[in-house]
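Visitor: Respectively, the protein sequence lines represent chains A and B. In this text, residue positions in the first sequence follow our numbering: the first is 1009, and each later residue adds one. In this text, residue positions in the second sequence follow our numbering: the first is 3, and each later residue adds one. Before anything else, here's the structure in question.
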Amino acid sequence: MKRQVKKKWPEQEDKVRRLISNLPYEDLRRKYQPNRQYANNSIKTTKYTVWSFIPMNLFEQFHRFANVYFVVIAMLNFVPIVNAFEPGVALIPICVILILTAIKDAWEDFRRYQADKQLNNMPCSIYSRKEKDFVSKCWKDVRVGDFVKVVCNEVIPADILLLHSSDPNGVCHIETANLDGETNLKQRQIVRGFDGSFQPEYFSSIIYCEKPSNNLNRFKGYLDKPDKKKIGFGKENLLLRGCTVRNTDEAAGIVVYAGHETKAMLNNKGPRYKRSKLERKVNTDVLFCVALLFIMCLIGALGYFIWLETFPDIPPFVPPDSNNNYISPALSGFYMFFTMVILLQVLIPISLYVSIELIKVGQIFFITNDIDLYDEETDSRIQCRALNITEDLGQIKYIFSDKTGTLTENKMVFRRCSVMGIEYCHRENGDCLLTALRLGAQCETISDDEDIVFQKPKVPSRLQYRQKKGISSLRRSQSARTHMGARYQSEVFTITNEVAFSSPLETDVAPDRRLLRVTCDEKTQIQEWCRVSHCNGSASFMDFFLALAICNTVVVSTAMLPRQRVSDQHNLFCQVTNDTFSHYDNNVVTLFLRDSGSNNPSRRNSSASHHSEEERGTVSDPNGLCYEAESPDEAALVYAAKAYGFTLLARAPDRVTVRLPQGAVLSFEVLDTLAFDSTRKRMSVVVRHPITREVVIYTKGADSAIMELLDCHGRSAEENKRKKIASKTQRHLDLYASAGLRTLCIAKKVLSEQAYDDWASIRQEAESTIDNREELLMETAVHLETNLTLLGATGIEDRLQDDVPATIAALREAGIQVWVLTGDKNETAVNIAYSCRLFNQGDMVFTLNTDSREQCESILDCTLGEVRRYTAPSQSWSFQSIVGAVMPTESTGPTFGLVIEGRTLSMVFEAHLQMKLLELARHCRSVLCCRVTPLQKSAVVKLVRNKLKVMTLSIGDGANDVNMIQTADIGIGISGQEGMQAVMASDFAITHFKHLKKLLLVHGHWCYSRLAKMVIYFFYKNVMYVNLLFWYQFYCGFSGTAMIDYWLMIFFNLFFTSTPPIMFGIMDRDISAETLLGLPELYKTGQNSEFYKRATFWIVMLDAFYQSLVCFFIPYWTYQGSDIDIFTFGTPMNTVSLFTILLHLAIEIKSWTAIHWGFMVGSVLLYFIVALIFSAICINCNPPSNPYWIMENQMADPVFYLVCIITTVVALLPRYIIRVLQGTLALSPLVQARKLDRLSTEARDQQIKNWKSQRSPSEVPTNLVSPVDSFSNSFEQSFYNSSLEREMPDMQWDSNEETQNTFSKGHRRSISTMTV
Amino acid sequence: VSQLGAGTTNRPDNTAFDQQRLPAWQPVLSAGIVIPGFLLVGLAFIGIGVALFVTSRSIQVLENDYTGTGSSVHCSECVNPKTTPCTCQLNFSLSALFQGPVFLYYGLSNYFQNLWGDLSKSPSSSCAPYQYDQNTTIAPCGSVANSMFNDTFTLYQLVNATRKTVPLDGKGIAWWTDYNIKFRNPPEVDGSLAAAFNGTVKPVNWPKPVYDLDPTNPANNGFLNQDFLVWMRTAALPDFWKLYRRITEGEYASGLPAGNYTLEIQYNYPVANFAGRKSVIFSNTSWMGGKNQFLGIAYLVTGSLCVVMSAVMLIVYAKFNSPDEDF
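This is the structure:
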């Protein structure tokens, strides 16, 4: 196909794709189709076809080393001179393994085939010239160059260039959830010049666009019109396959990419293959086994040679070859080497690989079925995307975490704002207290500020209670909605996403009474507003809220008719106005009511709590408006504005409608939107004020980006005032940041008509260019955003997720170092670090923040020196106290924290100071990197991973974490608000950070210990069994003879002893989940690979040698010198080794469930049944000796049982005694923990507490903080309880107040330590 | 995006199995628990060991090497025989009754019969290279059959300087299953076994064909010859015995009385070329088979070891399992 393309457009081949409409060629054969060289829309993700399955699957399977080895062995069997087994029989194991794998592959492929088939046959509408209309066809019939129509809620079949939309503004909304998981709507526009009626037949342009690529954000091209005019288009004109059309009745366009060339398909990579640490170790040990095999075969070959040499003459029992010739001893010795390879092949545990895969399937089953890792709200379980690294979860030493969305909820809540230099702390925000608890800041701390007149509530209990009640009840209703949504989801409506979407936003903002009063006062002035200058102080409040409502890209839709965008059709609005007004007035009344509620108790009583509930419901949803924003901050601001009565009613590309508090509706003409970008760190809208007709620019952005653009250079009183406002605002901003709030500055600028016209023409020019358009557009934006007037600032809270501090504490106790890598600014990040206990109050926190290389180095050296000074003397202490690794963090000295800035970090990398940084970091309890780029994130992970040779885990939720997730040994994605990109790149996807605790501490430990023990056992099992055969070689002249019938020998590994270890690897539970969670310390065993070390391997090998010696020589000495025949001699050995191997496992099994018993007893029974049946029916098999009736004879002989008993006991005695001693002395924490498991729940909890206090007397900070924690918990508890009760006991409030006091004290302390 | 049916959620089942909470027995091995176990097992083993040892002691074995080379003086005249077949005498005397029933074995040393018990021969070629002799089928084929042991023994008791033949019972020395099920003679042709083997030749090393193995008893011929069946049961180890005869008849049924005996050996089988040794063994048996001290000793040792371990565990328990430390 490629060659064809080359022939046609040799010069353009590498750059662009050229396509034209298919319609003129509609009925022609494929040969004459203009776009035939492009892939069509039918997709095929299957690997095989029915015919190619067997050869291709075999080919793939033989790519694996293990299988190749097996096949080579099987082939060796067919070489006449060395054949040891009957060749056909030797093929059985490899065939079983190949067939098992092939069945698995075939099943997976079949599922893919079915999915493909379903997709390919989905209906869609393609324009037909004959019918002069769109006709219904299947997805697979869509070709490049076809015109396709999609209607609302339909999935887009291919990548379509949008040419027509039913929307008068020429936009089409799509939801890209299928592609990147982002549930917010994206706006797509028709290509310029195609508005109005669109006739596919008359489309005669040639389309040039770029070649298919997987970059979702890049698409460029142009239309070559017949009149030689070129029209550019970009990604905003492209509808992507897999997305869903929303809010738009119908849209149509021409297909540019189809099938596998669509961006969705190019992005769709299969599951990732990673090799776990354990598996790498297994591979080296397999090599050891190969070496062992080689040595044993060599011994066999040499032995045979020497044995032959000892005879003076050829003995009668050495048969000649088939030509009656005797080959030389040396040559026969050489052949014997291969015979030995075949005999002892089981030494290489080929079935180990199959077993490991089966075990991992089982482990993943249990992980995904864990109800604790299930999220009710989103109805999602943990996803295991990488199937073969479960055991790595148990060995993590470093965790790299993103902050926003990972540690925090990324549910933005408007918390406080500063308008014109005055701070409004929004005490009324329901859970202000809780927030303060979490964030370490409190309203009182700010009350020191002279500007703020702090109002203490006069009758706090009633008021507070009522408001809390309202909010909590709202919460409840919200969660109820979520449930409803889940139910809806099952139906045809995929609409319900809106619930899932709107839930991340806390829409309930209780307005600050003071600020509300100010705005209410302004309401009276509002009529004069148009006449008053905009710089007027009071009007600035209006401007502030207008900016909040307007300056964004929020899409408005109604909740009743989800995804039906509200457009600004005035007549429509007029109809609604009366209705909505009444609603609104109610609200205002309610708000005032609430204000005066304390003075009017009778009224409060009459309006029972459910009343306020109803009212609250209407507040949050006056007429079912629903805001959908690309970033949650924006939506939070719009909701905040709405709370103050500035309701964003509708937004269209050129018009935005806002209802003011007193009910007036203003419709702003949007002249331009300067979209947000990360370099400018701000966005602006240029609007024409409907009343004053002025051109106004509202800008919102990061404080650093706005503050330097402020217009405060003059000397006038006005300018001074502005400066003062700016400096006050800056102070508030700092406070917000230190309270962990996300800050945004709001500013405005009034532009003269002339200036705007000038700018608009430049802008137009920039827009119409095709090359480096982005840069030009940005330039124009920067040009406009100057000399701004500061309106105010907002603080948005990004709340910590549930249980984050506890999780981090537990992880740290487990010996895991947690690093936080965030793009956020220093103060915010540090504060979050304190609040999630990454840093403790007593920690010494070093901050590396410098621009110069020399400084950077010297600071590093200094800090290192400092740290060493503290840690050196306590080193000896930590050595003896810690069971696992020596962690400096557990020493008695001070603990350290490190904060490093992105710039400094890049300096470190440039100046090759990585090792110094690492050493410093290793002494630190936690490291916090702020303002780092995605690339730096992955560089940090790589540095730690490669230099410290430790297992790393990255966890994040956003696209900026993808690099780091892919770099780490384990990447975990949080499926949260920021789309699915992180999840797509991850190995495991969870919904909350707290799930990490159980995932690592419990499942990680289990998976690792299970698999490690199983692998070790597997090695043991094979070596032990094979050695039996090897010892026999000394008594059969190294002739490669086996004393066990070879069917039974093959069955032995394939059936009798294969299932118990697999069951063991999936199900064994050495320590209960509760104890593992209670004692995170136990995780260290996995970190230090204690279950599977090099020594473990050799010890188990020794044990295997010992056991095989016992199992061989006890029967040998028993039967020595008797008339026993070969298989009668082998049968007790086979039986004994079965018992030994199974009982060895029994010693290792730590918890016996019915399933364990079933498998163990079943295996023994299976052995005896099969052996008995086999011996009874095998009359003439395997001549000259055969197993006929041997098992029956043996089982009638008492000596058989006596031999079995003593051999098993002697073989297992050493291991048993060692395990008993380990259990008695209880040196390892694992054994102690196992003992805890046997206690009752209460006794265990008590013991765990004792243990913790014994082991970590130095963990003072945790103890210091924990009462606060419990307080907050109990507080929260009582809070919820109270909201459920109708009557509120007065006592309840008292306790709350108490908490509050405790809290403010606690926080003062924290802040003071911080500033020290 | 999963489109699940109405009412279903993704919620995992909250069952004991799915949540890995199945009731389990979680033994923690510790000294306190295993002390009685060790003691019991130890005592039981000592008991078994004593029983085995005593039984084994009561078994009488009389073994005589008659290779004729090296330390063995018997039958040295037959090592390089002038006449074949060579017959030699082996005299021995019993001072007491040799408790019956007495079994007569022949023993071979350094003889690797298990070389053919090996698996190197697939069924089709199990007879190679002794399948055809000049394109005629060998019956019985294979190297095991080819190398069949063919010394014969006759036992005489010397009573008043006259030799009194001790009747040797050659019936039922092979496994019942071998005789009745596994091995079958070809159907006789005209009542003659020899005719049934028409078209086959005797193995290379054999002096006479398979249908003529036992001239004294026509029923004991062909593949169902007891000596042949015993030989065909491949020995497990290079030093092995094979049952030759039982002494079960007449006055010798209760054993060989004290006195002088002569064993007349027809020395046919060469062992010198592989440094093998031949011997003849008289033995009686018990419920545990032939004489073997090992198992009894092993049980005694292991039993004592277990008792000792229980004592050690007691010490460990006393030292390390103080109740306050135990949790």
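Where a beta carbon is used, it is the ideal one built from N, C-alpha and C, also for glycine.
1) Ignoring anything shorter than 4 residues or poking outside the stretch 1952-1986 of chain A, list the alpha helix (DSSP H) runs there in chain order.
2) Secondary structure at proline 1131 of chain A, three-state DSSP: helix, strand or coil?
3) Taking the runs of the alpha helix (DSSP H) that are 4 residues or longer, which of them lie wholly in the stretch 1688-1740 of chain A?
4) Which residues in chain B have a C-beta closer than 7 angstroms to the C-beta of lysine 1125 of chain A? List them in chain order.
5) Less than 8 angstroms between the CB atoms is what I'm expecting for glycine 1831 of chain A and arginine 1939 of chain A, so what's the real figure, rounded?
6) Chain A partners of glutamine 21 of chain B, CB-CB under 9 angstroms?
7) According to the Cβ coordinates, are cysteine 1425 of chain A and glycine 1671 of chain A closer than 8 angstroms?
8) Tell me the DSSP bridge mates of alanine 1260 of chain A?
9) Can you round the beta-carbon distance between asparagine 1085 of chain A and valine 1152 of chain A to whole angstroms, since I take them to be within the 8 angstroms contact cut?
10) Mind listing the chain B neighbours of valine 2218 of chain A? Cutoff is C-beta to C-beta under 7 angstroms, in chain order.
11) Taking the beta strand (DSSP E) that isoleucine 140 of chain B falls in, what are its first and last residues?
12) Taking Cβ to Cβ, would you say valine 1058 of chain A is nearer than 8 angstroms to phenylalanine 1070 of chain A?
13) Where does valine 1970 of chain A land, buried or exposed, given buried means 16+ other C-beta within 10 angstroms?
14) Which residue marks the beginning of the beta strand (DSSP E) containing cysteine 1251 of chain A, and which one marks its end?
15) Mind the definition here: the stretch 1995-2002 of chain A touches the stretch 1389-1404 of chain A only if three or more C-beta pairs lie below 8 angstroms; say whether that holds.
16) Among the residues of its own chain, which have a CB less than 8 angstroms from the CB of arginine 1663 of chain A, if the five just before and after it don't count?
17) Determine contact between the stretch 2051-2061 of chain A and the stretch 1372-1392 of chain A, defined as no fewer than three beta-carbon pairs at a distance below 8 angstroms.
18) In terms of residues, what are the limits of the alpha helix (DSSP H) holding tryptophan 2165 of chain A?
19) Which of the three DSSP states, helix, strand or coil, is assigned to isoleucine 317 of chain B?
20) If you follow the alpha helix (DSSP H) that aspartate 2111 of chain A is part of, which residue opens it and which one closes it?
21) Determine the chain B residues that contact isoleucine 2163 of chain A at a beta-carbon separation under 9 angstroms, and present them in chain order.
22) When the Cα atoms are used, what is the spatial distance from lysine 1419 of chain A to threonine 1184 of chain A?
23) Is it true that the stretch 1819-1834 of chain A meets the stretch 2022-2029 of chain A, where meeting means three or more beta-carbon pairs spaced less than 8 angstroms apart?
24) Taking C-beta pairs closer than 7 angstroms, name the residues in chain A that tyrosine 113 of chain B reaches, listed in chain order.
25) At the level of alpha carbons, what is the spacing between glutamate 1782 of chain A and glutamate 1702 of chain A?
26) Grab the span of the alpha helix (DSSP H) containing glycine 1240 of chain A for me, first residue to last.
27) When DSSP builds the beta bridges, which residues end up paired with valine 1673 of chain A?
28) With leucine 96 of chain B as the anchor, note down where its beta strand (DSSP E) starts and where it stops.
29) Indicate the three-state DSSP secondary structure (helix, strand or coil) for valine 1087 of chain A in the structure shown.
30) For glutamine 159 of chain B, does the three-state DSSP call read helix, strand or coil?
31) Mind pulling the chain B residues with CB within less than 8 angstroms of aspartate 2245 of chain A?
32) For the alpha helix (DSSP H) containing phenylalanine 40 of chain B, list its first residue and its last residue.
33) Expressed to the nearest angstrom, what Euclidean distance is found between the alpha-carbon atoms of leucine 1339 of chain A and lysine 166 of chain B?
34) Use the C-beta contact count for arginine 1288 of chain A: other C-beta atoms within 10 angstroms, 16 or more gives buried, fewer gives exposed.
35) Residues of chain A with CB closer than 7 angstroms to the CB of phenylalanine 322 of chain B, please, in chain order.
36) In terms of alpha-carbon separation, which member of A:Lys1243, A:Glu1384 and A:Leu1355 lies closest to leucine 1295 of chain A?
Guide: Reading off the structure:
1) 1970-1975
2) In this structure, proline 1131 of chain A counts as strand in the three-state DSSP scheme.
3) 1711-1715
4) The premise fails here: lysine 1125 of chain A is roughly 16 angstroms from chain B at the closest Cβ pair, so nothing lies under 7 angstroms.
5) Correct: roughly 6 angstroms between the Cβ atoms.
6) Phe1374, Asn1377, Asp1378, Ile1379, Asp1380 and Ala2081
7) The criterion of a C-beta distance shorter than 8 angstroms is not satisfied by cysteine 1425 of chain A and glycine 1671 of chain A.
8) A:Lys1157 and A:His1172
9) Their Cβ separation, rounded to whole angstroms, is 55 angstroms, which puts asparagine 1085 of chain A and valine 1152 of chain A out of contact at 8 angstroms.
10) Thr304
11) For isoleucine 140 of chain B, the enclosing beta strand (DSSP E) has its first and last residue at 138-140.
12) No; because the gap between Cβ atoms is not below 8 angstroms, this pair is not in contact.
13) buried
14) Taken as a continuous stretch (DSSP letters only), cysteine 1251 of chain A belongs to no beta strand (DSSP E), as it is neither H nor E.
15) The stretch 1995-2002 of chain A is in contact with the stretch 1389-1404 of chain A.
16) Asp1576, Ser1675, Phe1676, Glu1677 and Val1678
17) no
18) 2162-2185
19) For isoleucine 317 of chain B, the three-state secondary structure derived from DSSP is helix.
20) 2102-2127
21) Ordered by position in chain B, the residues that pass the 9 angstroms Cβ test against isoleucine 2163 of chain A are Phe19 and Leu24.
22) 20 angstroms
23) no
24) Phe1325
25) 28 angstroms
26) Annotation: glycine 1240 of chain A is outside any alpha helix (DSSP H); the continuous beta strand (DSSP E) that includes it extends over 1238-1242.
27) The partner list for valine 1673 of chain A (beta bridge, DSSP) reads A:Arg1667.
28) 88-96
29) coil
30) Assigned with DSSP and collapsed to three states, glutamine 159 of chain B falls in strand.
31) Gln28
32) 33-60
33) Taking the straight line from one Cα to the other gives about 55 angstroms.
34) Arginine 1288 of chain A should be labelled exposed.
35) Thr2232 and Leu2233
36) Comparing Cα-Cα distances from leucine 1295 of chain A to each of A:Lys1243, A:Glu1384 and A:Leu1355, the minimum goes to A:Leu1355.
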